[in-house]
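Note sheet for the following structure.
There are 2 protein chains.
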Amino acid sequence: MARVATTVDVFNAVAEPRRREILDVLGGGERPVNDLVPLLGLAQPQVSKHLRVLREVGAVDVRDVGRQRLYRVNGHALKPIHDWVSTYERSWSERFEQLDEVLEELKQEEQGDGSDDD
Amino acid sequence: MARVATTVDVFNAVAEPRRREILDVLGGGERPVNDLVPLLGLAQPQVSKHLRVLREVGAVDVRDVGRQRLYRVNGHALKPIHDWVSTYERSWSERFEQLDEVLEELKQEEQGDGSDDD
DNA sequence: TTGATGTATGCCTATATAGGCATATAATGT
DNA sequence: ACATTATATGCCTATATAGGCATACATCAA
């Protein structure tokens with residue numbers, strides 16, 4: 001078996017480095033497909049395919065202008081990733097480390113208090 | 119071709135839902151492998167394999183105690199994901215939306231000013 | 001040593017999928 | 001209508017990998 005389809009799980013869609021690159025480029029503003037081709041060093045069909053995956057998970061939106069299709073990032077689709085990973089932010093954020101220190105102090109005080117209702 | 123190895127790219131390692139589940143469980147505290155088996159509904163060998171992948175990208179640490187191996191989350195490994203996805207936070211965060219409003223206002227004022235150094 | 005328990009590894013199969021390449025589709029200009 | 005440009009789709013191959021299952025390895029108990 002392989003894994004949950006890239007077109008269904010945004011975590012998986014974005015696990016492909018090329019697709020992250022595409023989002024990063026599009027972060028700078030709306031662009032047609034052919035703009036991405038030289039920037040990524042990929043053939044046009046592959047770029048279109050990556051864009052399709054990103055579109056299916058909602059990470060990009062499209063707009064037709066003449067014969068061009070202008071793609072743009074839709075960051076909302078990435079929120080689940082942010083939400084999930086943020087629960088681990090405690091590990092590296094100074095802000096949380098300081099919070100942990102305070103909580104630790106409170107805990108110690110409680111223990112000195114003699115109550116052991118854990 | 120497939121994609122960057124799960125054992126090399128933390129984005130890819132975590133693109134597998136089972137592995138996110140494992141991290142979520144371990145977030146509650148250190149646990150031996152066999153604790154995860156019933157919780158995930160996976161066979162023990164598959165759990166060990168997922169843990170191996172997580173260990174290779176540094177997302178978990180191990181500690182031997184007797185014949186058990188206690189695994190725990192190492193959130194630091196997830197920071198690159200947080201950093202990357204945070205650049206898109208503008209899309210959904212009220213905080214950034216308000217900032218955008220202010221910037222928009224400043225821009226309008228500048229235009230009314232007659233200067234067009236854009 | 002022997003047996004039991006906890007975990008890791010190896011082999012196998014099915015499957016998803018990235019990229020190569022040809023071609024289809026669509027819009028525009030002449 | 002025809003050519004040109006922009007993009008999407010289809011077919012192909014190679015490859016990574018998730019899970020099934022047997023088994024190796026390691027640690028502890030008797």
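Same order as they appear, the protein sequences are chains A and B.
Residue numbers for the first sequence, in the working numbering: 1 to 118.
Residue numbers for the second sequence, in the working numbering: 119 to 236.
All C-beta atoms in this analysis are idealised placements derived from N, C-alpha and C, irrespective of residue type, glycine included.
Residue span of the alpha helix (DSSP H) that contains residue i, given as start and end
i, result
"A/Leu-23", "17-26"
"B/His-168", "162-174"
"A/Ala-77", "Careful: A/Ala-77 lies outside any alpha helix (DSSP H) and carries neither H nor E."
"B/Ala-177", "Run containing B/Ala-177: none; DSSP gives neither H nor E here."
"B/Val-128", "128-131"
Residues bridged to residue i (per DSSP)
i, result
"B/Glu-186", "It is worth fixing the name first, because residue 186 of chain B is Gln in this sequence and not Glu. In the DSSP output, where bridge partners are listed per residue, B/Gln-186 has B/Val-183."
"B/Arg-149", "B/Tyr-189"
Contact check, residue i vs residue j, beta carbons under 8 Å
i, j, result
"B/Leu-188", "B/Val-180", "yes"
"B/Ala-133", "A/Ala-15", "yes"
"B/Val-203", "A/Val-85", "yes"
"B/Val-178", "B/Leu-169", "yes"
"A/Phe-96", "A/Glu-89", "yes"
"B/Pro-135", "B/Gln-186", "no"
"A/Arg-72", "A/Leu-26", "yes"
Among the options, nearest to residue i - alpha-carbon criterion
i, options, result
"B/Ser-211", "A/His-82, A/Val-10, A/Pro-38 and A/Trp-92", "A/His-82"
"B/Leu-157", "B/Arg-190, B/Glu-139 and B/Glu-207", "B/Glu-139"
"B/Leu-172", "B/Val-128, B/Gln-229 and B/Glu-148", "B/Val-128"
"A/Val-8", "A/Pro-80, A/Gln-46 and A/Gly-29", "A/Pro-80"
"B/Gly-146", "A/Thr-87, A/Gln-108 and A/Glu-110", "A/Thr-87"
"A/Val-49", "A/Thr-6, A/Gln-108 and A/Lys-107", "As written in the sequence, residue 49 of chain A is Lys, which differs from the Val given in the question. Selected option, being the one with the closest Cα: A/Thr-6."
Residue burial classification, residue i (beta-carbon count within 10 angstroms, cutoff 16)
i, result
"A/Asn-34", "exposed"
"B/Gly-193", "buried"
"B/Arg-137", "buried"
"A/Leu-99", "exposed"
"A/Leu-23", "buried"
"A/Val-102", "exposed"
"B/Glu-228", "exposed"
"B/Asn-130", "buried"
"A/Lys-107", "exposed"
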